[in-house]
Amino acid sequence: MRLLLVEDDRLLADGLSGQLEKAGFSVDTTHTAREARMLAGQEEYRAIILDLGLPDGNGLDVLRKWRKDRIAFPVLILTARGDWHDKVEGLKAGADDYLAKPFQTEELIARLNAIVRRSEGRTHSLVKAGRYELDENRQSLKSDDGTEHSLTGTEFRLLRCLMSRPGHVFSKEQLMEQLYNLNDNPSENVIEAYIRRLRKLVGNDTISTRRGQGYLFNDIA
Amino acid sequence: MTLLRKPASVKGTLLVLLLPAGIALMGLAWLVHGVLLDRMSRDFVETRLKDEVAFLEHQIRDSDGKLDTLQTGDYFQEVFHHAFAIHSPSRSIISPDSWAPVLMSLIESGQDGTHRVQDSGKDDTPADILAYRKSFRVGDTPIVVIVSEDLGALKRSQAELHAWTAIVSILLILLLVAVIWFGINLSMRPVVALRATLKRLQDGKVSRIHVEAPEEFRPLVQQLNQLLDSLDQRLERSRDALANLSHSVKTPIAAVRQILEDTSRPLSDELRLEMTARLNDIDKQLEAEMRRSRFAGPQVGKSAYPMKQARDLVWMLGRLYTERSFELSSSLPEDARWPIEEHDLNEIMGNLLDNAGKWSEHCVELSLSQDSGLLKMKVVDDGPGVTDTEIGRLGQRGLRLDEQTPGHGLGLAIVREIVERYGGTLRFSAANERGLRVMVDIPLAVSRATY
Numbered sequence: 006m007r008l009l010l011v012e013d014d015r016l017l018a019d020g021l022s023g024q025l026e027k028a029g030f031s032v033d034t035t036h037t038a039r040e041a042r043m044l045a046g047q048e049e050y051r052a053i054i055l056d057l058g059l060p061d062g063n064g065l066d067v068l069r070k071w072r073k074d075r076i077a078f079p080v081l082i083l084t085a086r087g088d089w090h091d092k093v094e095g096l097k098a099g100a101d102d103y104l105a106k107p108f109q110t111e112e113l114i115a116r117l118n119a120i121v122r123r124s125e126g127r128t129h130s131l132v133k134a135g136r137y138e139l140d141e142n143r144q145s146l147k148s149d150d151g152t153e154h155s156l157t158g159t160e161f162r163l164l165r166c167l168m169s170r171p172g173h174v175f176s177k178e179q180l181m182e183q184l185y186n187l188n189d190n191p192s193e194n195v196i197e198a199y200i201r202r203l204r205k206l207v208g209n210d211t212i213s214t215r216r217g218q219g220y221l222f223n224d225i226a
Numbered sequence: 002m003t004l005l006r007k008p009a010s011v012k013g014t015l016l017v018l019l020l021p022a023g024i025a026l027m028g029l030a031w032l033v034h035g036v037l038l039d040r041m042s043r044d045f046v047e048t049r050l051k052d053e054v055a056f057l058e059h060q061i062r063d064s065d066g067k068l069d070t071l072q073t074g075d076y077f078q079e080v081f082h083h084a085f086a087i088h089s090p091s092r093s094i095i096s097p098d099s100w101a102p103v104l105m106s107l108i109e110s111g112q113d114g115t116h117r118v119q120d121s122g123k124d125d126t127p128a129d130i131l132a133y134r135k136s137f138r139v140g141d142t143p144i145v146v147i148v149s150e151d152l153g154a155l156k157r158s159q160a161e162l163h164a165w166t167a168i169v170s171i172l173l174i175l176l177l178v179a180v181i182w183f184g185i186n187l188s189m190r191p192v193v194a195l196r197a198t199l200k201r202l203q204d205g206k207v208s209r210i211h212v213e214a215p216e217e218f219r220p221l222v223q224q225l226n227q228l229l230d231s232l233d234q235r236l237e238r239s240r241d242a243l244a245n246l247s248h249s250v251k252t253p254i255a256a257v258r259q260i261l262e263d264t265s266r267p268l269s270d271e272l273r274l275e276m277t278a279r280l281n282d283i284d285k286q287l288e289a290e291m292r293r294s295r296f297a298g299p300q301v302g303k304s305a306y307p308m309k310q311a312r313d314l315v316w317m318l319g320r321l322y323t324e325r326s327f328e329l330s331s332s333l334p335e336d337a338r339w340p341i342e343e344h345d346l347n348e349i350m351g352n353l354l355d356n357a358g359k360w361s362e363h364c365v366e367l368s369l370s371q372d373s374g375l376l377k378m379k380v381v382d383d384g385p386g387v388t389d390t391e392i393g394r395l396g397q398r399g400l401r402l403d404e405q406t407p408g409h410g411l412g413l414a415i416v417r418e419i420v421e422r423y424g425g426t427l428r429f430s431a432a433n434e435r436g437l438r439v440m441v442d443i444p445l446a447v448s449r450a451t452y
């Protein structure tokens, strides 16, 4: 498996690439953001390990650029700063996983394998309906004006269900199957609450109510 | 308006506003006084003149129009102190004689009522007179009576009175200035005292502000003291943290360096493992202390958007633990604000969710709510749960890092510490059938008030 390792600390990069190679990866190492940007555009990698603090730029910017250019390799980011906000920012920028330094090589390899495995099964699965695009991998909703909303599990499943057949009326019972709740017997009010939340994202007209029947997604709205 | 918009100095603003206003009002009062005085004295003179004419008329009627029989000359002058003229076709009496030209012209004018003659042009007559003329008949004899008064004399005394009023007004203005000045200085005294105390504070002579501040400044002083308190606490905490850290970090560093410096000693696998363990210790300590030192605790002016942060964290952990479903349920409006520092709130929710994610099988749910002054967070997972005996030990402080249960480890200890700092409670209980329910309650009032 071919890997790209972007790490500016040479001691760490050398040690790491040695151990990764021992674990069966073939590793390209680079120390700068510029080279990383270029290499990922030219070569085919199974995964990228990206350090965020690079001498000539922020790793997050490199990552955003890749994702903008539709370079979809799974990316694991490394950083010495490990607070929640940084993690959220990293994943929002398009990372698949996150590891705080210092880490154990076994853990890194386990995480790498996990993101590679996850990426293998996935096709570029997008559900499109009307002005909206549902990204399964990122569990997010993109509208045609470029804004992206991250969704919780149930929000995503409900929306995927509704958007899979635009114009089709789904009954509350059908939608309840999408609920994945700790509550033993979820009531229909829960569905209504979720629909309200989704309408805040896509607008009131996009999800219509058929009284007594259920809800439908309007792709022409 | 610029003065009001830019209060460079309270004292200056008050003076600039109050002084001209006081002077202008005093001046206005003085002018009104002048006008009223003038009108009053004219009315008064006019009434007297009318009374005297009536008196003369009565006398003349008593004497059947025979002017000769009237006691003239000194008598009337003594009674009246006024100039007068009585005119009948046969005879005219004018007193004093010097007024004759003026009064004669009035007799000839033929109009009854009040007349004012100014600048008659004659040297020995007064320049400004007020006269009342009345004509009537006694039998067949037409008679004209005029009584008049020299207004000049009256005006002179009036002017004198007005001048005195002006002097008194000016004195009053000076008094007003003094009172304003005194008032401003008196009400500004706490500020001066406050400034002096702040100076002493800066010089390190006092550690807190103790000033008898007026009501308006009391919150200010309180806030300053709170800031000082939290600064002190933070300093103390960071000193403690650094002391702890250096104690627990320097020893392993020394050990590792010793081994590395000894070139004659081969690096056996056992030694390598030993050294790695030491470095791991350093890392753990560093991580723990750094996370602690990052807590802000309750702070004035800090708040967070719980819904936005919760969404981000729920989404992110859903991406990391892809087989689990992370749910958010809340009745809070999307733009709700909680008076908890953003990083602290992230740390609470993030650690609870991460922890639940590690143990859950399918689903983790975060609920946020707010009622009766309590900010509530609840995280439920469907993992194996924790036995009752273990629940008591969860997230306890005082447990050393290596003694803490793996998984429910450092994260929960951090959550407990933050929650306690906000005066809240952290509770664990068994969820429905299996799994763990963690509840955090933070009182709204405490998180906002003192620290």
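Line by line, the protein sequences are chains A and B. Okay, so the first sequence: first residue is 6 according to the numbering used here, each after it adds one. Okay, so the second sequence: first residue is 2 according to the numbering used here, each after it adds one. Idealized CB from N, CA, C, for every residue including glycine.
Quiz item: What is the residue span of the beta strand (DSSP E) that T390 (chain B) lies within?
Solution: Annotation for T390 (chain B): no beta strand (DSSP E) segment contains it, though the alpha helix (DSSP H) segment containing it runs 389–392.
Quiz item: What's the gap between the Cα of E343 (chain B) and the Cα of M308 (chain B)?
Solution: Distance between E343 (chain B) and M308 (chain B), taken at the CA atoms: about 12 Å.
Exercise. Using alpha carbons as the reference points, say which of A:E40, A:E94, A:I54 lies closest to N118 (chain A).
Key: A:I54
Exercise. Flag this pair as yes or no: are the beta carbons of I210 (chain B) and V250 (chain B) separated by less than 7 Å?
Key: no
Quiz item: Mind listing which residues of the region 69–94 of chain A have their C-beta closer than 7 Å to chain B's C-betas, in chain order?
Solution: Within the region 69–94 of chain A, the residues whose Cβ lies closer than 7 Å to some Cβ of chain B are D88, W89, H90, K92, V93, listed in chain order.
Self-check item: CA-to-CA distance, E111 (chain A) to L21 (chain A), given in whole angstroms
Solution: Roughly 11 Å between the two C-alpha positions.
Practice problem: Kindly indicate which three-state DSSP category E26 (chain A) falls into: helix, strand or coil? | Solution: helix
Quiz item: How is H163 (chain B) classed by DSSP in three states: helix, strand or coil?
Solution: helix
Quiz item: Across which residues does DSSP place T211 (chain A) in a beta bridge pair?
Solution: Note: T211 (chain A) sits in no beta bridge, so no partner.
Practice problem: Take E138 (chain A) and list the residues in its own chain whose beta-carbon comes closer than 6 Å to its own, dropping the five residues that flank it on each side. | Solution: When the five nearest sequence neighbours on each side are left out, the beta carbons in the same chain lying within less than 6 Å of the beta carbon of E138 (chain A) are those of L131, K147, in order along the chain.
Self-check item: V46 (chain B), enclosing alpha helix (DSSP H) - first and last residue
Solution: It spans 11–63 - the alpha helix (DSSP H) in which V46 (chain B) sits, taken as one unbroken run.
Practice problem: Identify whether K70 (chain A) lies in helix, strand or coil by the three-state DSSP scheme. | Solution: helix
Quiz item: When Cβ atoms are compared, which residues of the region 302–326 of chain B fall closer than 7 Å to chain A?
Solution: Residues of the region 302–326 of chain B that bring their beta carbon within less than 7 Å of a beta carbon in chain A comprise R312, D313, L314, V315, W316, M317, G319, R320, L321, T323, S326, in sequence order.
Quiz item: Just how far apart, CA to CA, sit L175 (chain B) and F137 (chain B)?
Solution: 57 Å
Quiz item: According to DSSP, is D336 (chain B) helix, strand or coil?
Solution: In the displayed model, D336 (chain B) falls within coil according to three-state DSSP, outside both helix and strand.
Self-check item: Outcome for R312 (chain B) when other beta-carbon atoms lying within 10 angstroms are tallied against a minimum of 16
Solution: buried
Exercise. Report the residue from B:L162, B:Q310, B:K303 whose alpha carbon sits nearest the alpha carbon of T157 (chain A).
Key: B:Q310
Quiz item: Listing by chain order, which chain B residues have their CB less than 7 Å from the CB of G158 (chain A)?
Solution: G319, S326, F327, E328
Practice problem: Classify A86 (chain B) as helix, strand or coil using the three-state DSSP reduction. | Solution: strand
Quiz item: Who are the neighbours of N347 (chain B) on chain E, taking C-beta pairs under 9 Å?
Solution: No chain E is present in this structure, whose protein chains are A and B.
Quiz prompt | Where P107 (chain A) meets chain B, residues with beta-carbon distance less than 7 Å | solution = D284
Exercise. Note down, in chain order, all residues in the region 135–154 of chain A with a beta-carbon under 7 Å from any beta-carbon belonging to chain B.
Key: Under the 7 Å Cβ criterion, the region 135–154 of chain A contributes Q144.
Exercise. For the region 149–211 of chain A, list the alpha helix (DSSP H) runs that are entirely contained and at least 4 residues long, ordered along the chain.
Key: 158–169, 177–181, 193–207
Self-check item: Contained beta strand (DSSP E) runs [length at least 3] in the region 361–391 of chain B, N- to C-terminal order
Solution: Counting whole runs of 3 or more residues, the region 361–391 of chain B contains the beta strand (DSSP E) stretches 364–372, 375–382.
Quiz item: Applying a beta-carbon distance threshold of less than 9 Å, which residues of chain B neighbour D102 (chain A)?
Solution: R320, L321
Exercise. Please name the residue, chosen from B:E434, B:G412, B:N433, that lies closest to L427 (chain B) on a Cα-to-Cα basis.
Key: Considering only alpha carbons, the answer is B:G412.
Quiz item: Quick check: the region 54–72 of chain A against the region 83–98 of chain A, are there 3 or more CB pairs under 8 Å?
Solution: yes
Practice problem: Give the straight-line distance between the Cα atoms of D210 (chain A) and N223 (chain A), rounded to the nearest whole angstrom. | Solution: The alpha-carbon of D210 (chain A) is positioned some 7 Å away from that of N223 (chain A).
Exercise. Examine chain B for any beta-carbon lying closer than 7 Å to the beta-carbon of L96 (chain A), and answer yes or no.
Key: It does: the Cβ of L96 (chain A) has a partner Cβ on chain B nearer than 7 Å.
Quiz prompt | 7 Å CB neighbourhood of E324 (chain B) in its chain, flanking five on each side removed | solution = none
Quiz item: Expressed to the nearest angstrom, what Euclidean distance is found between the alpha-carbon atoms of L246 (chain B) and L16 (chain A)?
Solution: L246 (chain B) and L16 (chain A): Cα-Cα distance of roughly 26 Å.
Quiz item: Hey, does G351 (chain B) have any beta-carbon neighbour from chain A nearer than 7 Å?
Solution: yes
Self-check item: Cross-chain neighbours of R123 (chain A) in chain B, by beta carbon under 8 Å
Solution: T323
Quiz item: Less than 7 Å separating the beta-carbons of R39 (chain A) and D61 (chain A)?
Solution: yes
Self-check item: Opening and closing residue of the beta strand (DSSP E) in which D442 (chain B) lies
Solution: 437–444
Quiz item: Thinking C-alpha only, which one of B:P90, B:L195, B:L26 is nearest I466 (chain B)?
Solution: Nothing in the structure corresponds to residue 466 (chain B), since chain B is present only between 2 and 452.
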